[in-house]
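Asks: Count the sequence shown with our numbering and you get residues 26 to 321, in order.
All C-beta atoms, glycine included, are put in the ideal place defined by N, C-alpha and C.
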Amino acid sequence: MRFLHTADWHLGRLFHGVHLTRDQEHVLGQLIDLVAEARPDAVLLAGDVYDRAVPPVEAVELLNHVCEQVVLRLGVPLLCIAGNHDSGSRLGFAAGLLGGQGLHVAGRVAGSPPVVTLRDGHGPVHVCLLPFADPAEARAAYGHDALHDQQAVVGEGVARALAGLPAGERRLALAHTFVAGGEPSESERPLSVGGATEVAAATFAGFDYVALGHLHRPQAAGGGRLRYAGSLLKYSFDEHDQRKSAALVEVGPPGSAAEPGRPAAARVTVETVALAPRHDVRRLEGTLAGLLAAAA
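(1) Could you check where the alpha helix (DSSP H) with L122 kicks off and where it finishes?
(2) Helix, strand or coil for P114? Go by DSSP, reduced to three states.
(3) Please report how far the alpha carbon of P191 lies from the alpha carbon of G117, in whole angstroms.
(4) Only counting runs of 3 or more residues, tell me where the beta strand (DSSP E) segments fall wholly within the stretch 260-321, in order along the chain.
(5) State whether the stretch 29-37 contacts the stretch 70-88, with contact taken as three or more CB pairs (one from each stretch) at a distance under 8 Å.
(6) Alpha carbon to alpha carbon, how far is P80 from E223?
(7) Considering only the alpha carbon of each residue, which of V96, V91, L258, G148 lies closest to E194?
(8) Please confirm whether Q267 and Y253 have their CB atoms less than 9 Å apart.
(9) By DSSP, does G136 sit in helix, in strand, or in coil?
(10) Would you tell me roughly how many angstroms separate the C-alpha atoms of S281 and R287, rounded to the nearest one?
(11) Hey, I106 and L199 are a contact pair by Cβ (cut 8 Å); roughly how many whole angstroms apart?
(12) Should E264 be labelled buried (16 or more other beta-carbon atoms within 10 Å of its own) or exposed?
(13) Please tell me whether V85 and D111 are closer than 9 Å, where the distance is taken between their beta carbons.
(14) Counting C-beta neighbours from all protein chains within 10 Å, is the total for R133 16 or more, i.e. buried, or is it exposed?
(15) Run the CB neighbour count on P209, radius 10 Å, all protein chains shown included, and call it buried at 16 or more, exposed below.
(16) Take the Cβ of T142 as the centre, count every other Cβ of all protein chains shown within 10 Å, and call the residue buried at 16 or more, exposed below.
(17) Considering only DSSP beta bridges, list what Y234 is partnered with.
(18) Just to confirm, are G247 and G182 a CB contact at a threshold of 9 Å?
(19) Should T228 be labelled buried (16 or more other beta-carbon atoms within 10 Å of its own) or exposed?
(20) At the level of alpha carbons, what is the spacing between S114 and L317?
(21) According to DSSP, is F229 helix, strand or coil?
(22) How many angstroms separate the CA atom of V152 from the CA atom of L251?
(23) Measure from the alpha carbon of L97 to the alpha carbon of each residue in V60, R77, V82, then state which is nearest.
(24) Taking DSSP as the reference, what is the three-state secondary structure of T222?
(25) Going by DSSP in three states, V101 sits in which element: helix, strand or coil?
(26) One question on the structure: do V52 and P285 come within less than 9 Å of each other, judged by their Cβ atoms?
(27) Let me know the alpha helix (DSSP H) ranges lying completely inside the stretch 50-94, each 4 residues or longer, listed in chain order.
(28) Just grab the DSSP bridge partners of D145 for me.
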């Protein structure tokens with residue numbers, strides 16, 4: 026089964042006072058073309074869809090356009106979770122209604138994480154949607170008073186998701202978190218203030234692939250089964266040397282990559298597809314006089 030993994034669109038973002046909506050629209054057009062060409066079984070959008078809890082109108086309109094193109098015109102399901110920049114309640118509006126049309130959105134944590142099940146010739150693939158939640162929100166949703174950091178919050182969500190899935194079938198997760206060992210960028214907002222933010226890669230050991238959001242540099246995390254797609258554009262100057270991309274993920278049949286304790290583990294291969302920006306971010310160094318002369 027094939028998936029297109031993307032994350033951290035940050036629609037509505039400004040870059041040093043410059044509105045990026047047209048730049049985001051340009052790259053999202055490439056993403057839509059990639060969906061049309063690659064024909065994935067689903068698109069996975071791993072959070073931080075918007076840059077802030079109350080996005081500008083043009084950002085909402087752009088998201089609506091992308092969803093229409095992917096879900097309605099191309100007929101490809103889109104699975105989406107909220108990140109720490111999103112308002113889960115706003116992003117998840119009408120989720121129950123939209124899910125029937127192929128747009129599956131998990132905005133806030135619930136007692137049992139939602140699971141979307143897709144099928145191919147090798148059987149079902151279960152995709153668990155784990156939206157970002159701070160500890161206070163998770164304690165209320167799960168009725169568990171001992172959740173005080175992201176490790177506990179994510180661990181509880183993973184345990185609840187896996188508890189409802191049959192053994193021997195393929196399992197994916199969509200999560201927005203900071204996996205220990207990941208390389209951050211300046212443009213990321215901390216997941217919490219004063220609390221532990223990192224989550225151990227081993228927390229996701231029960232999944233064949235984990236589509237991650239939050240870190241803006243495209244990278245593997247904790248082995249080849251966990252991956253950050255990276256952000257849509259370069260959102261800070263320290264990202265000038267990054268190559269933004271989306272990930273095409275192929276999940277093989279159950280047991281094609283059996284592991285100790287997981288005889289049904291599936292082989293996973295990842296192909297990164299570069300995204301070309303409308304305007305690039307570059308770092309120029311030199312004296313002021315030299316830079317002005319070069320620009321003349």
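Replies: Well, looking at it:
(1) Counting from one through the sequence shown, the residue named residue 122 turns up at place 97. Here the alpha helix (DSSP H) through L122 covers 120-124.
(2) What you label residue 114 is simply residue 89 of the sequence shown in a count that begins at 1. With the sequence shown as reference, residue 114 is identified as Ser, and Pro is not the correct amino acid for it. Helix at S114.
(3) Here residue 191 refers to the residue found at position 166 when the sequence shown is read from its first residue. Here residue 117 refers to the residue found at position 92 when the sequence shown is read from its first residue. Cα to Cα, P191 sits roughly 27 Å from G117.
(4) 270-276, 293-299
(5) yes
(6) On the sequence shown, position 55 is the one that residue 80 refers to. On the sequence shown, position 198 is the one that residue 223 refers to. Whole-angstrom Cα-Cα distance: 27 Å.
(7) Taking the sequence shown and counting its residues from 1, one reaches residue 194 at position 169. Measuring from the Cα of E194, the nearest candidate turns out to be G148.
(8) Taking the sequence shown and counting its residues from 1, one reaches residue 267 at position 242. Taking the sequence shown and counting its residues from 1, one reaches residue 253 at position 228. It is not a contact, given that the beta carbons lie outside the stated cut-off.
(9) Indexing the sequence shown from 1 puts residue 136 at position 111. DSSP places G136 in coil when its eight states are reduced to three.
(10) Translated into positions along the sequence shown, residue 281 becomes position 256. Translated into positions along the sequence shown, residue 287 becomes position 262. Approximately 11 Å between the Cα atoms of the pair.
(11) As a first step, residue 106 is located in the sequence shown; it is residue number 81 there, counting from the start. As a first step, residue 199 is located in the sequence shown; it is residue number 174 there, counting from the start. The Cβ separation is near 5 Å, so the contact holds.
(12) Taking the sequence shown and counting its residues from 1, one reaches residue 264 at position 239. It is buried - the Cβ of E264 has at least 16 other Cβ atoms within 10 Å.
(13) On the sequence shown, residue 85 is found 60 positions in, with the first residue counted as 1. On the sequence shown, residue 111 is found 86 positions in, with the first residue counted as 1. Contact: no.
(14) Position 108 of the sequence shown, counted from the start, is the residue given in the question as residue 133. Result: buried.
(15) In the sequence shown, counting from the first residue as 1, residue 209 sits at position 184. P209 is exposed by the Cβ-count criterion.
(16) Numbered from its first residue, the sequence shown carries residue 142 at position 117. So T142 ends up on the exposed side.
(17) Locating residue 234 in the sequence shown gives position 209, where the first residue counts as 1. According to DSSP, Y234 bridges with L197.
(18) Counted from its first residue, the sequence shown places residue 247 at position 222. Counted from its first residue, the sequence shown places residue 182 at position 157. Against a cut-off of 9 Å, the Cβ pair of G182 and G247 comes out as no contact.
(19) On the sequence shown, residue 228 is found 203 positions in, with the first residue counted as 1. Flag for T228 reads buried.
(20) What you label residue 114 is simply residue 89 of the sequence shown in a count that begins at 1. What you label residue 317 is simply residue 292 of the sequence shown in a count that begins at 1. One C-alpha to the other measures close to 48 Å.
(21) If you number the sequence shown from 1, residue 229 lands on position 204. Three-state DSSP puts F229 in a helix.
(22) Taking the sequence shown and counting its residues from 1, the one referred to as residue 152 is at position 127. Taking the sequence shown and counting its residues from 1, the one referred to as residue 251 is at position 226. About 14 Å.
(23) Counted from its first residue, the sequence shown places residue 97 at position 72. When only C-alpha atoms are compared, the closest one is V60.
(24) As a working note, residue 222 is residue 197 in the sequence shown. Coil at T222, not helix or strand.
(25) Locating residue 101 in the sequence shown gives position 76, counting from the first residue. Coil.
(26) As a working mapping, residue 52 is identified with position 27 in the sequence shown. As a working mapping, residue 285 is identified with position 260 in the sequence shown. Taking 9 Å as the Cβ cut-off, V52 and P285 do not qualify as a contacting pair.
(27) 82-92
(28) As a first step, residue 145 must be located in the sequence shown, where it is residue number 120. G148.
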